[in-house]
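**Student:**
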Amino acid sequence: MNKDDSKANKKVEKRTIDIVHQGLAKRYRAEGRFKFYGLAAIVMSLLCLAILFISIVGNGYKAFRQTYVELEVFFDPAILDHENLSAANYSGLVKSTLRKMFPEVKGRSEKRELYKLVSPGAAFQLRKMVLKDPEIIGRSISVWVPADDDVDMLIKGYFSTDAAENARRLSDKQLAWIEQLREQGKVKKKFNTTFFTAGDSREPELAGIWGAAVGSFFALLVTLLLSFPIGVAAAVYLEEFAPKNRWTDLIEVNINNLAAVPSIVFGLLGLAVFLNFFGFPRSAPLVGGMVLSLMTLPIIIIASRAALQSVPPSIREGALGVGASKMQMVVHHVLPLALPGMLTGTIIGMARALGETAPLLMIGMVAFIVDIPRGFTDPATVLPVQIYLWADSPERAFVERTSAAIMVLLAFLMLMNAAAIVLRKKFEKRW
Amino acid sequence: MVFALLPKKSPNRDGGEVEIEKDLRVEDMEATPSGQDGPVLVSRENRQTVGVGTVENPRMTCRNVDIYYGDNHAIKNVSLDIGRNEVIAMIGPSGCGKSTFLRCLNRMNDTIEGCRITGEITLDGINIYDPKIDVVPLRAQVGMVFQKPNPFPKSIYDNIAYGPKIHGLKGSKSALDEIVETSLKKAGLWNEVKDRLDKPGTGLSGGQQQRLCIARTIAVNPEVILMDEPCSALDPIATAVIEDLIDELREQYTIVIVTHSMQQASRVSQRTAYFHLGDLIEIGPTEVIFTNPRHELTQDYITGRFG
Ligand SMILES: Nc1ncnc2c1ncn2[C@@H]1O[C@H](COP(=O)(O)OP(=O)(O)OP(=O)(O)O)[C@@H](O)[C@H]1O
Ligand SMILES: [Mg+2]
Numbered sequence: 003m004n005k006d007d008s009k010a011n012k013k014v015e016k017r018t019i020d021i022v023h024q025g026l027a028k029r030y031r032a033e034g035r036f037k038f039y040g041l042a043a044i045v046m047s048l049l050c051l052a053i054l055f056i057s058i059v060g061n062g063y064k065a066f067r068q069t070y071v072e073l074e075v076f077f078d079p080a081i082l083d084h085e086n087l088s089a090a091n092y093s094g095l096v097k098s099t100l101r102k103m104f105p106e107v108k109g110r111s112e113k114r115e116l117y118k119l120v121s122p123g124a125a126f127q128l129r130k131m132v133l134k135d136p137e138i139i140g141r142s143i144s145v146w147v148p149a150d151d152d153v154d155m156l157i158k159g160y161f162s163t164d165a166a167e168n169a170r171r172l173s174d175k176q177l178a179w180i181e182q183l184r185e186q187g188k189v190k191k192k193f194n195t196t197f198f199t200a201g202d203s204r205e206p207e208l209a210g211i212w213g214a215a216v217g218s219f220f221a222l223l224v225t226l227l228l229s230f231p232i233g234v235a236a237a238v239y240l241e242e243f244a245p246k247n248r249w250t251d252l253i254e255v256n257i258n259n260l261a262a263v264p265s266i267v268f269g270l271l272g273l274a275v276f277l278n279f280f281g282f283p284r285s286a287p288l289v290g291g292m293v294l295s296l297m298t299l300p301i302i303i304i305a306s307r308a309a310l311q312s313v314p315p316s317i318r319e320g321a322l323g324v325g326a327s328k329m330q331m332v333v334h335h336v337l338p339l340a341l342p343g344m345l346t347g348t349i350i351g352m353a354r355a356l357g358e359t360a361p362l363l364m365i366g367m368v369a370f371i372v373d374i375p376r377g378f379t380d381p382a383t384v385l386p387v388q389i390y391l392w393a394d395s396p397e398r399a400f401v402e403r404t405s406a407a408i409m410v411l412l413a414f415l416m417l418m419n420a421a422a423i424v425l426r427k428k429f430e431k432r433w
Numbered sequence: 255m256v257f258a259l260l261p262k263k264s265p266n267r268d269g270g271e272v273e274i275e276k277d278l279r280v281e282d283m284e285a286t287p288s289g290q291d292g293p294v295l296v297s298r299e300n301r302q303t304v305g306v307g308t309v310e311n312p313r314m315t316c317r318n319v320d321i322y323y324g325d326n327h328a329i330k331n332v333s334l335d336i337g338r339n340e341v342i343a344m345i346g347p348s349g350c351g352k353s354t355f356l357r358c359l360n361r362m363n364d365t366i367e368g369c370r371i372t373g374e375i376t377l378d379g380i381n382i383y384d385p386k387i388d389v390v391p392l393r394a395q396v397g398m399v400f401q402k403p404n405p406f407p408k409s410i411y412d413n414i415a416y417g418p419k420i421h422g423l424k425g426s427k428s429a430l431d432e433i434v435e436t437s438l439k440k441a442g443l444w445n446e447v448k449d450r451l452d453k454p455g456t457g458l459s460g461g462q463q464q465r466l467c468i469a470r471t472i473a474v475n476p477e478v479i480l481m482d483e484p485c486s487a488l489d490p491i492a493t494a495v496i497e498d499l500i501d502e503l504r505e506q507y508t509i510v511i512v513t514h515s516m517q518q519a520s521r522v523s524q525r526t527a528y529f530h531l532g533d534l535i536e537i538g539p540t541e542v543i544f545t546n547p548r549h550e551l552t553q554d555y556i557t558g559r560f561g
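As structure tokens, then:
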């Protein structure tokens with residue numbers, strides 16, 4: 003009886019804290035599980051990212067170095083005898099130099115094989131030297147010129163010499179010459195400045211990313227200048243000033259729909275409106291930027307509206323309460339608070355625009371363009387299109403250049419994100 | 255007026271759980287006030303306003319004001335005057351519509367979606383809900399301290415200087431400095447923040463933020479000040495500073511204060527209005543309301559029956 007009683011009492015005396023303690027282990031287990039899942043997800047995504055990076059860098063890092071061949075060039079006045087120095091026969095100069103280095107080479111086809119060892123860019127290089135300093139005519143100077151892409155591939159070890167001669171890009175003779183040059187120390191891999199300074203080219207060793215980078219820069223500048231002010235203004239108007247009625251609801255629905263429209267549709271729109279109706283130039287970063295801003299606008303508007311909504315109403319009331327007008331309230335209090343969020347949205351939109359190809363194909367930015375664009379209306383291409391074009395090229399040397407171009411694109415992206423973070427920090431620090 | 259709460263612990267002989275029996279006995283619910291010589295009280299069912307709401311030469315008048323939040327009828331047919339150089343207190347249980355009523359005196363309710371107001375509210379004889387009225391000068395004239403402290407996420411200095419700046423009250427930097435200093439001093443915050451005026455106002459404690467908001471409001475020299483529980487987070491000393499401030503401001507201005515503290519209402523106000531579930535139940539001189547209420551609901555409230 004007594005025992006029973008105490009048992010009952012114990013049951014009764016179960017305090018809240020005991021119940022809390024009982025459930026505690028389970029709670030922590032759930033928490034631990036959740037942490038583990040989150041960690042696993044992050045590790046997985048980091049792993050995928052690492053694999054992606056390793057494969058891209060592994061494919062592409064060799065593109066940053068290029069094989070050069072040293073030529074002992076005698077700037078022969080007889081060959082360069084032309085009233086217009088810029089039109090003189092520089093490839094003849096290269097050929098005569100090569101012939102002089104390999105005097106044993108006879109016969110047309112053999113000579114042609116010999117000439118193929120160096121890039122056609124060698125002639126341009128010599129021309130540039132002469133135009134810069136005509137005094138060098140008549141003198142002998144040793145010049146490093148880019149090797150042909152096949153030689154480059156051989157030196158980089160992508161080339162198997164085991165295959166039958168007619169199944170290879172380089173003949174036995176060419177291999178022998180290269181071996182000879184190598185022994186003389188006249189073949190060297192050097193940093194590939196061409197890749198960072200030149201535009202596109204049919205010759206991989208002369209192709210560079212700079213033209214596309216400048217095109218991307220101009221196009222994105224247009225996009226930013228158009229979509230950020232318009233997007234922010236639209237968001238502020240819709241969120242702060244527009245009456246809430248059926249029309250604004252309709253507009254909101256449509257903006258959300260626009261954000262989901264496939265980008266190629268915007269390209270078609272750009273083609274129809276900007277090129278065919280307004281007659282803007284084809285392939286121009288100006289039009290590319292306009293098309294991309296059509297695409298980024300809804301993203302910026304949606305992000306900006308979310309940022310505006312997250313500003314606490316008490317701040318607005320505080321401003322109105324001391325007698326600020328609606329405009330002052332928005333400009334002095336709401337916008338500064340919403341700006342970091344707006345910037346984030348803008349950067350997301352711009353990053354998407356940077357990687358976009360489809361709409362640009364429609365307005366002709368897929369053209370093969372050698373010159374570096376110098377303005378908003380020059381024909382240009384952009385980084386992702388350049389990657390696409392190179393990925394489509396048959397030459398082996400373009401494979402590594404494709405990866406290198408992807409690295410440049412990613413670097414661009416990271417730069418933009420870093421800029422966004424810095425800007426955001428700066429604006430957040432203001433209070 | 256006795257609440258009897260008699261918890262009883264019954265010993266559990268049969269191993270069951272302890273039962274707590276509540277015996278809530280409310281005695282003489284229908285009784286008249288303790289002072290039997292007083293007038294007969296208006297019964298709880300009667301929701302007509304008791305007392306005289308009008309004053310001579312009023313600063314603001316409210317006539318038949320109804321406020322709705324969507325379908326929620328938050329203020330029901332309230333008429334009262336706010337006199338010159340007086341402090342009028344609004345009391346009443348939580349959710350009875352004090353803030354709602356206060357906010358419509360400077361049209362702060364315009365910002366709330368679905369809030370609708372009918373009736374007439376005038377300031378110096380001009381209907382403030384007239385479509386031709388500009389709310390910016392109205393709010394500069396009728397300042398407000400909100401129930402929840404809402405400092406701007408800017409420096410303490412900028413919080414105070416913002417109002418004077420946008421109204422162009424003081425051009426020079428030194429004049430602004432002076433406004434900031436005097437406003438903070440009046441709100442009893444100067445000594446605590448004078449060395450960190452450039453620090454964010456949001457970094458202050460709750461009570462400090464409340465005083466910062468009071469300082470921000472008085473920095474623009476409003477002629478009517480609406481204060482929604484300005485001392486709810488303040489200690490007795492800071493409360494005393496604010497009450498002194500209210501007393502001082504009354505000499506020039508008109509103040510409407512919402513408070514849950516009846517002592518505060520009786521200390522600072524000349525007239526008191528008691529709200530209950532959207533109705534203005536009783537209005538009159540403060541001493542009368544607190545010593546001699548004429549409505550049962552008012553009496554219930556001030557004697558602590560509920561609320
Ligand atoms: N923004 C709003 N939207 C919808 N209903 C509201 C809003 N603000 C207040 N109400 C409603 O109006 C009524 C009165 O609220 P109010 O804030 O005026 O009460 P109060 O008297 O100030 O209470 P407290 O003393 O707790 O501050 C409440 O029923 C509330 O639910
Ligand atoms: Mg309130």
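Chains as they are written, first to last, in the numbering used here: chain A, 3 to 433; chain B, 255 to 561.
Every residue, glycine too, gets a C-beta built ideally from N, C-alpha and C.
Only a predicted model underlies this, so the values are computations on that prediction, with no experimental measurement involved.
#1: Counting contacts by CB-CB distance shorter than 9 angstroms, is R318/A in contact with chain B?
#2: Do V441/A and L95/A have their C-beta atoms closer together than 9 angstroms?
#3: Compute the beta-carbon to beta-carbon distance between C467/B and N404/B, rounded to the nearest angstrom, for a pair I have assumed lies under 8 angstroms.
#4: Which one or two residues does DSSP pair with S144/A in a beta bridge?
#5: DSSP three-state call for M398/B: helix, strand or coil?
#6: Nearest chain B C-beta to V324/A closer than 9 angstroms, yes or no?
#7: Reducing DSSP to helix, strand and coil, say where K453/B ends up.
#8: Are there any heavy atoms of ligand 2 lying less than 8 angstroms away from the beta-carbon of S353/B, as far as the coordinates show?
#9: Buried or exposed, going by whether 16 or more other CB atoms sit within 10 Å of the CB of E275/B?
#10: Taking K427/A as the reference, give the member of W179/A, P375/A, M46/A and T346/A with the closest Cα.
#11: Using a Cβ-Cβ distance under 9 angstroms, would A473/B count as near chain A?
#12: For ligand 2, is there any heavy atom lying closer than 8 angstroms to the beta carbon of E319/A?
#13: Give the list of continuous beta strand (DSSP E) stretches no shorter than 3 residues that lie fully inside the stretch 299 to 337 of chain B.
#14: Drop a sphere of 10 angstroms on the beta-carbon of W249/A, count the other beta-carbons inside from all chains shown, and report buried for 16 or more, exposed for fewer.
#15: Let me check one thing: in DSSP terms, what residues is R370/B bridge-paired to?
#16: Would you say the beta carbon of V512/B comes nearer than 8 angstroms to a heavy atom of ligand 2?
#17: From the DSSP output, in three-state form, read off I500/B for me.
#18: Considering just the uninterrupted stretch of the alpha helix (DSSP H) at L356/A, what are its terminal residues?
#19: I want to check one thing, is the minimum distance from the CB of N339/B to the heavy atoms of ligand 3 below 8 angstroms?
#20: Give me the Cα-Cα distance between D364/B and G457/B, rounded to the nearest whole angstrom.
#21: What residue does the alpha helix (DSSP H) around E435/B start on, and which one ends it?
#22: Taking C-alpha atoms, which residue in Q464/B, P476/B, Q518/B and I329/B lies nearest to V324/A?
#23: If the cut is a Cβ gap below 8 angstroms, which residues of chain A does A394/B touch?
#24: Just tell me which of F55/A, R284/A and A261/A has its CA closest to the CA of G272/A.
#25: Given a threshold of 16 other Cβ atoms within 10 Å of its Cβ, counted over all protein chains shown, does M352/A qualify as buried or as exposed?
#26: In this structure, does DSSP put A125/A in helix, strand or coil?
#27: Ordered along the chain, which non-local residues of its own chain (more than five positions away) have a Cβ less than 8 angstroms from that of F429/A?
#28: Examine chain B for any beta-carbon lying closer than 9 angstroms to the beta-carbon of G311/A, and answer yes or no.
#29: With C-beta atoms as the reference, is V522/B less than 9 angstroms away from I500/B?
#30: In the DSSP assignment, what are the bridge partners of R525/B?
#31: Could you check what DSSP says for K191/A in three-state terms: helix, strand or coil?
#32: Just the C-alpha distance for L228/A and F268/A, rounded to the nearest angstrom, thanks.
#33: Below 8 angstroms on C-beta distance, what does R470/B contact in chain A?
#34: Using the DSSP secondary-structure output, state which residues sit across from A262/A in a beta bridge.
#35: For L339/A, go through chain B and note every residue whose CB falls closer than 8 angstroms to its CB, in chain order.
#36: Can you confirm whether I375/B, when its beta carbon is compared against all beta carbons of chain A, has any partner nearer than 9 angstroms?
**Tutor:** Reading off the structure:
#1: Within the first sequence, numbered from 1, the residue matching residue 318/A stands at position 316. Interface residue, yes.
#2: Residue 441/A is absent from the structure shown; chain A starts at 3 and stops at 433.
#3: Counted from its first residue, the second sequence places residue 467/B at position 213. Counted from its first residue, the second sequence places residue 404/B at position 150. About 6 angstroms separates the beta carbons of C467/B and N404/B, which is inside the 8 angstroms limit, making them a contact pair.
#4: Position 142 of the first sequence holds residue 144/A. In DSSP, S144/A forms a bridge with E74/A.
#5: Within the second sequence, the letter at position 144 stands for residue 398/B. The answer is strand: DSSP assigns M398/B an E or B state.
#6: Locating residue 324/A in the first sequence gives position 322, where the first residue counts as 1. Taking CB atoms only, V324/A has a neighbour in chain B less than 9 angstroms away.
#7: The residue given as residue 453/B occupies position 199 in the second sequence. Residue state for K453/B is assigned as coil, using DSSP reduced to three classes.
#8: Working through the second sequence from its first residue, we reach residue 353/B at position 99. At least one heavy atom of ligand 2 is nearer than 8 angstroms to the Cβ of S353/B, so yes.
#9: Against the second sequence, residue 275/B aligns to sequence position 21. Interpretation of E275/B is limited by its pLDDT of 37, a score under 50 that renders its predicted location unreliable; no figure is taken from the coordinates.
#10: Reading the first sequence from its first residue, position 425 is the one you call residue 427/A. The residue with the shortest Cα to Cα distance from K427/A is T346/A.
#11: As a first step, residue 473/B is located in the second sequence; it is residue number 219 there, counting from the start. So yes, A473/B belongs to the interface.
#12: Numbered from 1 along the first sequence, position 317 holds the residue referred to as residue 319/A. No - ligand 2 has no heavy atom lying nearer than 8 angstroms to the Cβ of E319/A.
#13: With a minimum length of 3 residues, the continuous beta strand (DSSP E) runs that stay inside the stretch 299 to 337 of chain B are 312 to 323 and 326 to 337.
#14: Taking the first residue of the first sequence as position 1, residue 249/A is located at position 247. W249/A comes out exposed.
#15: Reading the second sequence from its first residue, position 116 is the one you call residue 370/B. Residue pairing of R370/B in beta bridges, as defined by DSSP: Y322/B.
#16: By one-based count along the second sequence, residue 512/B stands at place 258. Judged by the Cβ position, V512/B qualifies as a neighbour of ligand 2 at the 8 angstroms threshold, a heavy atom of the ligand being closer than this.
#17: On the second sequence, position 246 is the one that residue 500/B refers to. Here I500/B sits in helix by DSSP.
#18: Within the first sequence, the letter at position 354 stands for residue 356/A. It spans L337 to L356 - the alpha helix (DSSP H) in which L356/A sits, taken as one unbroken run.
#19: What this structure holds is ligand 1 and ligand 2, not ligand 3.
#20: If you number the second sequence from 1, residue 364/B lands on position 110. If you number the second sequence from 1, residue 457/B lands on position 203. Inter-residue distance for D364/B and G457/B is about 30 angstroms (C-alpha atoms, whole angstroms).
#21: Your numbering for residue 435/B matches position 181 in the second sequence. Counting along the chain, the alpha helix (DSSP H) containing E435/B begins and ends at K427 to K440.
#22: Position 322 of the first sequence, counted from the start, is the residue given in the question as residue 324/A. Nearest C-alpha to V324/A: P476/B.
#23: Start at 1 with the first residue of the second sequence, and residue 394/B comes out as number 140. Annotation: Cβ neighbours of A394/B in chain A (cutoff 8 angstroms, chain order): V324 and G325.
#24: The residue given as residue 272/A occupies position 270 in the first sequence. Cα-wise, what sits closest to G272/A is R284/A.
#25: The count along the first sequence starts at 1 and reaches residue 352/A at position 350. Around the beta carbon of M352/A, 16 or more other beta carbons sit within 10 angstroms, so the residue counts as buried.
#26: Your numbering for residue 125/A matches position 123 in the first sequence. In the three-state reduction of the DSSP assignment, A125/A falls in the helix class, which pools H, G and I.
#27: Position 427 of the first sequence, counting from 1, holds the residue named residue 429/A. Taken in chain order, the residues that qualify are P338, L341, P342 and L345.
#28: On the first sequence, position 309 is the one that residue 311/A refers to. Residue identity differs from the one stated: residue 311/A is Gln in this sequence, not Gly. For Q311/A, the answer is no, since every Cβ of chain B falls outside 9 angstroms of its Cβ.
#29: As a working note, residue 522/B is residue 268 in the second sequence. As a working note, residue 500/B is residue 246 in the second sequence. The Cβ atoms of V522/B and I500/B sit closer than 9 angstroms to each other.
#30: Stepping through the second sequence from its first residue, residue 525/B is reached at position 271. BP columns for R525/B point to I342/B and P539/B.
#31: By one-based count along the first sequence, residue 191/A stands at place 189. In the structure shown, K191/A adopts extended strand secondary structure according to DSSP, grouped into three states.
#32: One-based indexing of the first sequence puts residue 228/A at position 226. One-based indexing of the first sequence puts residue 268/A at position 266. The alpha-carbon atoms of L228/A and F268/A are separated by roughly 15 angstroms.
#33: One-based indexing of the second sequence puts residue 470/B at position 216. Using a Cβ-Cβ cut-off of 8 angstroms, R470/B is close to G320 and V324 of chain A, given in chain order.
#34: Locating residue 262/A in the first sequence gives position 260, where the first residue counts as 1. DSSP, once it has assigned bridges, lists no residue as partnering A262/A.
#35: Position 337 of the first sequence, counting from 1, holds the residue named residue 339/A. The answer, in chain order, is P407.
#36: By 1-based counting over the second sequence, the position of residue 375/B is 121. Chain A has no Cβ within less than 9 angstroms of the Cβ of I375/B.
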